[in-house]
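Numbering (the numbering used here), first residue to last: 5 to 68. Structure record follows, encoded as structure tokens.
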Amino acid sequence: MSLENLRVEPTEKTFHHYLYFWSGQLFSLLGSSIVQYGIIWWITDSTGSAIYLSLAAFFSFLPM
């Protein structure tokens with residue numbers, strides 16, 4: 005078996021799959037960032053505390 009037999013030719017279909025995957029990732033990350041911002045804003049507005057704001061921001065960046 006040679007490596008030439010294992011070669012996959014890119015087609016227009018594979019590009020569409022690639023495009024769907026990365027556009028889905030883009031919208032997912034955008035939505036996660038909006039939710040993260042909203043939660044930090046809500047905590048700051050509810051408590052008015054800079055310490056809670058700092059803790060919320062710190063813990064929201066840990067999973068990244």
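Beta carbons: idealized from backbone N, C-alpha and C, even for Gly.
Check	Outcome
According to the Cβ coordinates, are I47 and L57 closer than 8 angstroms?	yes
Which whole-angstrom value describes the C-beta separation of I44 and S27, a residue pair presumed to lie in contact below a C-beta threshold of 8 angstroms?	About 26 angstroms; that fails the 8 angstroms criterion.
Using a 10 Å radius around the Cβ and a threshold of 16 neighbouring Cβ atoms, would you call A60 buried or exposed?	buried
Would you identify the three-state DSSP class for E8, choosing helix, strand or coil?	helix
For S36, name the three-state secondary structure that DSSP assigns.	helix
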